[in-house]
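To convert, note that position 452 of the sequence shown is 471 in the working numbering; the numbers rise steadily by one, no gaps. The beta carbon of each residue, even a glycine, is placed where N, CA and C say it ideally should be.
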Amino acid sequence: MPRLAVFCAIAGVACAVGSALASRTVEVEARSGQVQETSDPEPAQRCCLDTTGAPPAEAPCGGDRWTGRRFATRSVAMGLNGAAASSVPLVTQTAIDILKAGGTAVDAAIAANAMQALTEPMSNGLGGDLFAIVWDPATRQLVGYNGSGRSPKGLSFAELVSLLDGSETLPIAGPLSVSTPGAARGWCDLAGRFASMPLSRLLAPAIEYARKGFPVTQVIAAEWAEAFAFFEAHRDEITSGGRFPGALDGFYQTYTVEHKVGGRPPAEGEVFTNPALANTLETLAAGGCEAFYNGSIAAQLDSYARSVGLYLRADDLAAHHGEFVEPRNVSYRRPGLTVHELPPNPQGIAALQMLNMLELVDVAAMGHNSADYLHYSLEAKKLVFADRAKYYADPDFASVPVEGLISKAYARERAALINMTRAAKVVPAGDPPGMEAGDTIYLSTADSSGMMVSWIQSNYYPFGSGLAPPALGFALQNRGNLFRTWPPTAANVYAPGKRPFHTLMPGAIMQDGEPLAVFGVMGGAMQPQGSVQVAVNMIDFGMNAQEAGDAARWRHSGSQQPTGTNMTDGGIVMLEGGVCGAARQELQARGHTLAYADGSFGGYEAIIRDPVTRVYQAGTDKRKDGRALAY
């Protein structure tokens with residue numbers, strides 16, 4: 020069959036046909052100790068990659084493909100009946116098996132998420148939260164889901180401040196960092212609306228592998244080992260200063276090969292089992308969400324919480340609910356094309372704000388990863404993150420001017436602050452209209468009916484809080500770390516029963532009311548930065564689903580944060596090896612501070628749908644262990 024440019028409807032470029040021509044078309048959320056200052060990082064990697072696909076005059080460095088973009092690591096997966104992409108091959112295969120058995124894209128996503136909770140446990144699981152965007156072909160609507168958990172109702176602001184003993188930020192791990200887990204409720208809510216198979220069928224593959232074991236893949240093994248070192252470094256926080264000395268025992272009993280204190284993390288290729296998680300999934304399969312939030316699992320969580328100084332109680336679990344929400348969108352670059360994200364408390368609209376500013380310049384004319392493109396993008400990110408720090412919060416507790424923040428007029432006002440010759444060291448938050456006086460996994464699925472799912476789920480940091488009830492087989496998230504305590508009037512200030520600012524952001528792209536893509540980038544503050552880059556790669560530079568993720572990325576750190584941190588020195592810019600040396604030098608000349616940070620550029624998956632042929636095109640990130648499949 021001709022090799023059609025699946026994304027030409029977005030990119031506005033000619034479809035290349037022929038055997039010799041290419042198509043032209045989950046954080047770990049936080050890592051510590053990875054950034055080291057250098058004036059000119061990784062000299063051996065400094066080479067300009069071909070981003071046009073045109074034959075070079077001489078052999079290029081950094082890529083050897085003779086068709087398509089030279090930097091691409093593999094072809095996209097293509098199919099008419101269904102597709103799936105994730106950061107773990109076994110997870111992707113699980114989704115495809117469910118699709119082939121007649122399940123919907125949501126059925127496939129739930130089964131895949133359960134398998135990923137087993138195989139990539141540092142990044143996601145039943146102790147975390149869940150967000151999704153679903154294209155429902157039956158109603159022809161994009162449906163959003165916010166499965167964010169809330170802070171314990173029994174921990175007052177005054178008591179929290181007293182426990183923090185003068186600190187204005189919450190601990191990165193341990194009992195004060197935990198919020199109510201929302202993932203299981205998300206499975207049930209989304210299944211109730213979009214699934215065709217019972218939960219018992221969807222959880223069966225994960226239960227089987229939890230008992231018989233699975234081989235741990237390369238990237239996951241490395242992240243698993245890093246998490247062990249991290250928790251030893253934060254033992255004091257997790258044990259509440261030694262008041263609960265056994266608080267880490269459950270973590271070791273769950274996540275070591277020997278399932279005991281003093282055990283070790285699994286090595287690459289080693290078979291790992293999690294019988295406790297198998298039991299929990301069986302209970303959930305038999306009893307549904309009632310078992311988790313009102314039944315035996317809730318009772319075990321309550322008992323465990325009391326034993327380790329955690330304020331989560333059975334009442335918090337019983338009161339938890341997710342909500343279906345309307346995704347917000349902005350038009351971008353051409354008539355009828357819109358990019359969609361979830362509104363706060365997640366950070367999705369940060370990507371929309373950045374796209375609004377990028378639309379004001381000719382990105383394609385600047386050139387992919389040129390100095391001008393990188394500088395403008397970095398400065399736009401700084402401005403957006405200043406707003407993100409000030410305004411993004413739980414709308415049940417704070418006034419969030421969403422429509423003003425994503426308006427075109429506000430984008431023009433903010434973009435006017437960008438100096439193309441000099442990097443900003445300090446940026447203020449704006450005054451938008453309507454304002455009153457990484458550890459994560461992402462996966463995408465699509466089925467034969469046209470349903471497409473953008474799905475993201477996370478513990479926040481690797482293994483979350485470090486608190487893992489040993490009888491249940493999963494760790495509790497540390498999302499509560501994203502609250503702040505000062506000033507008391509801040510939008511994201513802690514309150515009992517409140518949802519913290521959230522980094523999770525599934526994305527979707529539409530053209531004239533038809534779905535074109537579901538996509539996402541895992542990785543904390545990298546999520547909006549990465550989502551913008553892959554969207555621009557698709558739309559402005561005509562890359563396909565694989566190329567858009569394989570292209571070299573940038574990342575900026577050091578901006579204002581919803582936790583109260585302020586930018587005072589312009590932050591730090593990290594560039595992958597595929598960014599040209601000339602662009603690096605020019606960025607330094609404009610005042611950017613460059614640093615090298617290995618493995619900090621997020622993880623991506625996407626599925627694109629050709630609006631004419633209905634062919635699915637799936638891609639997954641070279642930076643992870645994953646695979647994309649279609650049939």
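Contact set for residue i: own chain, Cβ-Cβ below 6 Å, skip 5 residues either direction
i              : result
serine 550     : Ala370, Gly526, Val540
alanine 317    : Ala333, Leu336
glutamine 552  : Arg572
alanine 297    : Ile226, Ala229, Arg230
isoleucine 437 : Glu398
glutamate 268  : The question names glutamate, but residue 268 in the sequence shown is aspartate. Closer than 6 Å at the Cβ level, and outside the excluded window around aspartate 268, lie Val280.
glutamate 605  : Ala390
proline 284    : Trp243, Ala244, Phe247
Sequence-distant residues of the same chain with beta carbon closer than 7 Å to residue i, five excluded per side
i              : result
threonine 612  : Gly589, Ile591, Val592
glycine 499    : Ser170, Leu189, Leu195, Ser196, Val197, Ser198, Pro519
glutamine 548  : Lys400, Arg574, His575
asparagine 425 : Rather than asparagine, the amino acid found at residue 425 in this sequence is isoleucine. For isoleucine 425, where only same-chain residues beyond five positions count, the Cβ hits under 7 Å are Arg347, Val349, Ile368, Leu371, Gln372, Asn375.
aspartate 413  : Asn364, Lys517, Arg518
Burial state of residue i, where buried means 16 or more other Cβ atoms lie within 10 Å
i                 : result
histidine 387     : buried
glycine 449       : buried
aspartate 617     : exposed
glycine 288       : exposed
proline 200       : buried
tryptophan 474    : buried
tryptophan 85     : exposed
proline 264       : exposed
serine 322        : exposed
phenylalanine 343 : exposed
serine 186        : exposed
arginine 603      : buried
lysine 409        : buried
aspartate 640     : buried
Nearest-angstrom beta carbon gap, residue j and residue i [assumed within contact, 8 Å]
i              : j              : result
threonine 292  : glycine 232    : 4 Å
valine 446     : alanine 405    : 5 Å
alanine 570    : isoleucine 626 : Contact doesn't hold; Cβ gap of about 18 Å is too wide.
alanine 114    : alanine 131    : 4 Å
alanine 192    : histidine 253  : 5 Å
alanine 151    : valine 472     : 6 Å
arginine 88    : methionine 562 : 7 Å
tyrosine 274   : alanine 465    : Not quite, the Cβ-Cβ distance comes to about 33 Å (not below 8 Å), so this is no contact.
proline 481    : aspartate 458  : 4 Å
isoleucine 226 : leucine 149    : Wrong, their Cβ atoms sit about 19 Å apart, outside the cutoff.
alanine 567    : alanine 104    : The pair is not a contact, with the Cβ atoms about 12 Å apart (cut-off 8 Å).
glycine 205    : glycine 166    : 4 Å
isoleucine 129 : alanine 214    : 7 Å
tyrosine 395   : valine 380     : 6 Å
arginine 93    : glutamine 565  : 6 Å
asparagine 511 : glutamine 496  : Actually they do not touch by this definition, with Cβ atoms about 17 Å apart.
Close beta carbons around residue i, own chain, < 8 Å, minus the five adjacent residues each side
i             : result
tyrosine 228  : Leu109, Met134, Leu137, Thr138
alanine 305   : Ser219
valine 180    : Thr504
aspartate 644 : Ser106, Val107, Pro108, Thr236, Gln237, Val238, Ile239
Three-state secondary structure assigned by DSSP to residue i
i              : result
serine 396     : helix
alanine 490    : coil
tryptophan 206 : helix
isoleucine 460 : strand
aspartate 334  : helix
glutamine 496  : coil
glutamate 345  : coil
valine 235     : coil
valine 153     : strand
tyrosine 228   : helix
tryptophan 243 : helix
isoleucine 117 : helix
valine 631     : coil
glutamine 604  : helix
serine 175     : coil
glycine 98     : strand
valine 382     : helix
valine 125     : helix
methionine 216 : coil
threonine 86   : coil
Any chain C beta carbon closer than 9 Å to residue i
i           : result
alanine 246 : Among the protein chains of the structure shown there is no chain C, as only one such chain exists.
Practice item. Entirely within the region 560 to 584 and at least 4 residues each: give me those alpha helix (DSSP H) ranges in chain order. Key: 564 to 569
Exercise for review: Mind listing, in chain order, the continuous alpha helix (DSSP H) runs of no fewer than 4 residues lying wholly within the region 505 to 571?
Suggested key: 545 to 558, 564 to 569
**Study point:** Entirely enclosed beta strand (DSSP E) segments - the region 261 to 293, minimum 3 residues
**Key:** none
**Study point:** Inside the region 387 to 453 only - alpha helix (DSSP H) runs reaching at least 4 residues
**Key:** 390 to 410, 421 to 424, 427 to 434
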